[in-house]
Every structure is written in structure tokens, then in C-alpha cells.
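Heads up, the thing below is written out as C-alpha cells.
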Amino acid sequence: MICTGGNSITSGAFISLSGTNPSFYTQYNYSYVALTTSPILMFAFETDLNSNYFLDSVSVTKATVPSIQLLQNSGFENSTTQLNGWVLSCNATCSAGAGGQATYGTNCYLSTGNCFLADCPDTSGTGAVVFLGQAFSTTIGITYTISFRLKMAYGGSGSSNTRFTASIR
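For what it's worth, the numbering used here labels the leading residue of the sequence shown as 6, then goes sequentially.
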């Protein structure tokens, strides 16, 4: 994994957002047809000094059986300081801010429980990005539904040099 921004975070993305959106929690839903038995759902976050991303309510289910969650700790509720079930990569590239971590409270969806905070500005000029991922089991050729809620907290004026992507690897 390349721990810098740029094209490394957009490769294979099924969503790519930049700027100050979404400024309120927005739910995103995607269909995925499995090409391997152990794909990895990967989120990538680049932020600036005025911006943070909050991720909550991540879900992967078989399209025909939506009641069975395939991810561990999908809402981050079993996380306090450790992101149980998730792999956090490249946190050391965050030259300022908190990096990627579990958080709780009013910035989480419905202002309750835990969520994931990405606070990874690049103050060194070398590129800063945080990756959050989790592998899950699938059957090749079967359709799965991926959903999550995302919010951008923006405290500056003008434009924001941020980027979020989600991909399957």
C-alpha cells in the first residue's frame, strides 16, 4: 500500500468525493458482484487543517439476505481506542491532527454511539492519507450490498483540499 495521496487512493474506487461535501450525514449504497472470495472494503481519507471526515454505519450484506452483516464491528460500537475488526493503515503520514481513530458523541450518526474519525491533514507537503479496511467473505458471482454513512465537518472558509474514496480490492 502506498501511503501518499493522489492516484493511489482513487484506483478502483466506486465513489470519490472531494471538497466540503457531504456536510451532513449522507447514506451511500452500492451493489457489488463478488470477483474473489475475500475482497477488502477500503476507505481512503485525505483531509486538511479545517476538515474532518466521519464514517458510520458501514454495512456489507448479501443482496438476497440483507439481515446478515458480513463485517465485524460495522458501526464501530465495539471500538474505544482500538478499531476492532478494522485495519488502519498509513496513520503515520498524518503530520497534524488525530489521524484515524474511533470517536463518539455528537459527530457520530444520530449523535450517539461510536464512529470513525479521519483527521489527517498534510502539513509537511509529502502527502497524507489514512486507509481503513476490512476483508469479508463472499461467494464469487453473488451480489452484495455495501452501504455507509459519511459526513464532512468543515470549519474553514473557501475551498477544502480533501478527498474520500471507497473501493473494493
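Backbone N, C-alpha and C define an ideal beta-carbon position, used for all residues, glycine too.
Option nearest residue i by Cα separation, candidates the options
i    : options               : result
I173 : S28, I151 and M157    : I151
F59  : L46, T143 and Y159    : Y159
F121 : N96, T108 and T85     : T108
G110 : F81, C8, P71 and N166 : F81
Simplified DSSP assignment, three categories, for residue i
i    : result
Y114 : helix
T98  : helix
Y30  : coil
A158 : strand
V38  : strand
S21  : strand
A133 : coil
P44  : coil
G146 : coil
A103 : coil
C-alpha distance - residue i paired with residue j, whole-angstrom precision
i    : j    : result
Y35  : S100 : 33 Å
F19  : S62  : 18 Å
N83  : Q77  : 9 Å
V92  : T148 : 24 Å
G23  : R168 : It is worth fixing the name first, because residue 23 is Ser in this sequence and not Gly. Between S23 and R168, the C-alpha separation is close to 4 Å.
T52  : V65  : 25 Å
T31  : K156 : 7 Å
T85  : Q106 : 9 Å
T170 : C95  : 15 Å
F141 : G102 : 30 Å
I145 : I45  : 14 Å
F5   : S56  : Here the chain comprises residues numbered 6 to 174, so residue 5 is not present and cannot be evaluated.
Residue environment, residue i, which counts as buried when at least 16 other CB atoms sit within 10 Å
i    : result
L115 : exposed
N119 : buried
Q87  : exposed
L40  : exposed
A68  : exposed
- Query: For the stretch 46 to 86, which segments carrying the beta strand (DSSP E) assignment without a break, of at least 3 residues, lie completely within its bounds, in sequence order?
  - Reply: List check, beta strand (DSSP E) in window: 56 to 67 and 70 to 74.
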